[in-house]
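Q: I'd like to ask you about the structure that follows.
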Amino acid sequence: MRMSKLFARTLRDDPADAEVDSHRLLVRGGYLRKVASGIYSWLPLGYRVLRRVEEIVREEMDVAGGQELLLPIVQPLELWARTGRDVAYGPLMFRLEDRKETGFCLSPTAEEVITTTVAADYSSYRDLPVNLYQINWKYRDELRPRFGLLRAREFLMKDAYSFHVDQADLAKTYDAMREAYAKIFTRCGLVFRAVKAQSGEIGGDTSQEFMAVAGVGEDDFVWCAACDYAANVEAATRQISDAGRVDGAPADAPERERVHTPDLPGIDGVAAHLGMQPNELLKTMAFDVDGEVGLALVPGDREVNPTALDRAVAPRHARLFTDDDFAEHRELPKGYLGPDFTGADLVLADPLVRELRSWVTGANETDYHVKHSVLGRDFNVGTWADLVTVVPGDPCPNCGAPLKIDRGIEVGHVFQLGTKYAEALDARYTDEGGEQHPMVMGCYGLGLSRVVAAVVEEYHDDNGIAWPAALAPYDVHVVELLGKGDTTGEVTAAASRIVGELEAAGLSVLYDDRDARPGVKFADADLLGMPVQLTIGAKGLARSIVERKVRASGERDEVALDGVVAALTGG
RNA sequence: CGGGAUGUGGCGCAGUUUGGUUAGCGCGCAGCGUUCGGGACGCUGAGGCCCCGGGUUCAAAUCCCGGCAUCCCGACCA
């Protein structure tokens, strides 16, 4: 491809609205242009990268037994109503109406469509399993689109769905898909971890996220350096030890003492006021359990993990009080709640609450706290449960080693769905004995456009992008240097010949034939980031060589003019 | 949804506080010339509903009101 013809204009300045490196460099390099918030045009260079990711995904999905199909982006809302997800997704869905005012949405995912599609044609155990996937645009009207491709409202996703007779059969495909994901991300050059996850809107039991490790990621995940434990911070647990446990009320505990703490509804403020540490205060969080009021107790320096709280009350559902809830429950003094609040229907506490003999707690009265509250004497706990959000240094639930926390970009997510969708949408099969059962499903998402951004986050430097060979839009960037040294057209002739030879050898070549000064060409070559740059100029030709630079390492060497193809094809 | 900010040629910005001729600068773009191995220089030129709508005024990019868009922060931790 001749750069003089390529539809790509590089920008000298950073775009003002690009906050992260991937967004900034993809726009500067002419890979991407914004059309609206969270919506982008993929220019020729960018689209080539996206297609390369697509090909890798397609290859590995096919190896894993997937069959590619294409589902509609515009989907009837009525179908979503059958699973209740029109409500569950709420304003996250782009909605539209046709001329008859029938409701539709732009597909944020496709469980409903695929499940009804499979159910329409398959009804026997002999048909199963089947594993179907598509690579298609998805639409989510995010609360806050940001970071360019990392949280976009339109994004390219590979979504796969598998259907099985039972859980055991699902597990096989699930494992095969996990392996395929690992291969895909490895081929794309990403440093990633597979972490345990909560399933969120999709629903279901077991799920794992694939996180590309990156500082700009929006998700925290916990991992253990000593074993293979890794989990999304919401799903993470820790080893509960009985070390430091105090049972019953100590005989020598001082009496409770009420203290005035005006206008100090926060832990830190109260601790500072009393000259104590936050972990000497007991945090009492109100929550709703199907209409009942619960209290969750954790040390003042820890936070309640809403997901852990929800697990603790299963099969019921817990939701921490919001300001609105406090407004409805005037009897609960926000900021001054204590563990002995009489209006609570249940009291849960994290085992860490057993580790201190005496606590500062809220006095259940605005502007007052209480010192020397003792477990077993002044308050009691109904249920002990893991409630706190894991922090670095907590013991690994598998091996007890100190856990670490990192940030990541969620590039993939695999789920074992069970029969939720099959039941709601009537996807049943008949077994050998003539009995009917709902199909057991798995689903597997992978964000291709997000992979592109994650790769750029990992592969760039001050000068621009440095694509891994597997994703680069072109294999080689040929820079021809014109100027007064090239009065005879010798450089152009040599460059065109080399480009032709490289292309004949199967390499894709970006050929900078523009009438521009060398500095401009070098800067653009670094910005665009092809893995190998070949510089062809009069100086080199005089010695029958061209200059090679490896973009990622900056390494340079010289290649004999008649050995260029051999040098670049390793032959 | 709450808070903050911004909206001026393709890109990055100044001008707005204190209203006043033809609205500026850098990059980019076009032409000519000199240059030519890490973002050259000179001359000439094209390109602007100053986000949109209403209002105030003799006069609005500038003041007022209302929209829209974009970006950032936050959106339960008591």
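The working numbering puts the first sequence at residues 687 to 1257. Backbone N, C-alpha and C define an ideal beta-carbon position, used for all residues, glycine too.
#1: Report yes or no: do the region 1052-1065 and the region 1092-1105 share at least 3 C-beta pairs separated by less than 8 Å?
#2: Taking the C-alpha atoms as reference points, what is the distance between Ala937 and Tyr1107?
#3: Quick check on the DSSP output: the alpha helix (DSSP H) that includes Phe1208 runs from which residue to which?
#4: Between which two residues does the alpha helix (DSSP H) carrying Phe871 extend?
#5: Under the DSSP definition of a beta bridge, which residues are partnered with Lys824?
#6: Do you know whose CA, among Asp996, Gln1219, Phe973, lies nearest Asp1010's CA?
#7: Pairs of beta-carbons, one from the region 1043-1058 and one from the region 1015-1022, closer than 8 Å: are there three or more?
#8: My parser needs the beta strand (DSSP E) runs of 3 or more residues fully inside the region 1215-1242; what are they?
#9: Would you kindly work out how many angstroms separate the C-alpha atoms of Arg1136 and Glu787, rounded to a whole number?
#10: As a quick exercise: from Leu1034, Tyr808, Phe833, pick the residue whose alpha carbon is nearest that of Ser848.
#11: Kindly indicate which residue of Tyr726, Arg830, Ala846 has the alpha-carbon position closest to the one of Met1127.
#12: Who are the near neighbours of Pro948 in its chain, counting only those whose CB is closer than 7 Å to its CB and skipping five residues on each side?
#13: How would you call Ile953, buried or exposed, if buried means at least 16 neighbouring beta carbons within 10 angstroms?
#14: Can you tell me whether Ile742 is helix, strand or coil according to DSSP?
#15: Any idea what DSSP makes of Asp1199, helix, strand or coil?
#16: Does the beta-carbon of Ala702 have 16 or more other beta-carbons within 10 angstroms, so that it is buried, or is it exposed?
#17: How should Glu764 be labelled, buried or exposed, when 16 other C-beta atoms within 10 angstroms of its C-beta is the threshold for buried?
#18: So what does DSSP say about Lys1106, is it helix, strand or coil?
#19: Leaving out five residues before and five after His959 in sequence, what residues of the same chain have Cβ atoms less than 8 Å from its Cβ?
#20: Look at Ala1296 and Asp1036 and say whether their C-beta atoms are less than 9 Å apart.
#21: DSSP beta-bridge partners for Ala1035?
#22: Between the beta-carbon of Glu978 and the beta-carbon of Leu1038, is there less than 9 Å?
#23: Rounded to whole angstroms, what's the CA-CA distance from Val1206 to Leu1134? Just pull it up for me.
#24: For Trp1153, which three-state DSSP category applies?
#25: Does the distance from the CB of Ala883 to the CB of Glu895 come in under 9 Å?
#26: Pick out whichever of Pro1124, Ile1095, Gly1175 has its Cα sitting closest to the Cα of Val1138.
#27: Distance check for Ala1202 and Val773, CA to CA, integer angstroms please.
#28: What residue from Ala1110, Gln963, Asp1198, Gly980 has the CA that sits closest to Met971's CA?
#29: How is Met1127 classed by DSSP in three states: helix, strand or coil?
#30: State the Cα-Cα distance for the pair Tyr915 and Gly1249, rounded to the nearest angstrom.
#31: Spatial neighbours of Ala1034 within its chain, please: C-beta separation below 8 Å, excluding the five flanking residues on both sides.
#32: Quick one: grab the DSSP three-state call for Ser1059.
#33: With respect to the beta strand (DSSP E) encompassing Leu782, which residues constitute its N-terminal and C-terminal limits?
#34: What does the alpha-carbon distance come out to for the pair Ile888 and Val975?
#35: Measure the Cβ-Cβ separation of Phe833 and Glu705 and say whether it is below 9 Å.
#36: Can you tell me the Cβ-Cβ gap for Arg1200 and Met687, rounded? I've got them flagged as a contact below 8 Å.
A: This is what the structure holds:
#1: no
#2: 57 Å
#3: 1204-1214
#4: 853-873
#5: Phe841
#6: Phe973
#7: yes
#8: 1218-1222, 1231-1236
#9: 34 Å
#10: Tyr808
#11: Ala846
#12: Asp1053
#13: buried
#14: helix
#15: coil
#16: exposed
#17: exposed
#18: helix
#19: Thr947, Leu950
#20: Coverage of the chain is limited to positions 687 through 1257, which leaves residue 1296 absent and any answer about it impossible.
#21: Leu983, Trp1070
#22: no
#23: 32 Å
#24: coil
#25: yes
#26: Ile1095
#27: 57 Å
#28: Gly980
#29: strand
#30: 50 Å
#31: The residue asked about is misnamed: residue 1034 is Leu in this sequence, not Ala. These residues qualify, in order along the chain: Gly980, Leu981, Ala982, Leu983, Leu995, Ala998, Val999, Val1067, Gly1068, Thr1069, Trp1070, Ala1071, Leu1073.
#32: strand
#33: 781-783
#34: Bear in mind that a pLDDT of 48 at Ile888, under 50, signals an unreliable position, so the number given afterwards is only what the model happens to contain. For Ile888 and Val975, the distance between alpha carbons rounds to 22 Å.
#35: yes
#36: Not confirmed; about 12 Å, so no contact.
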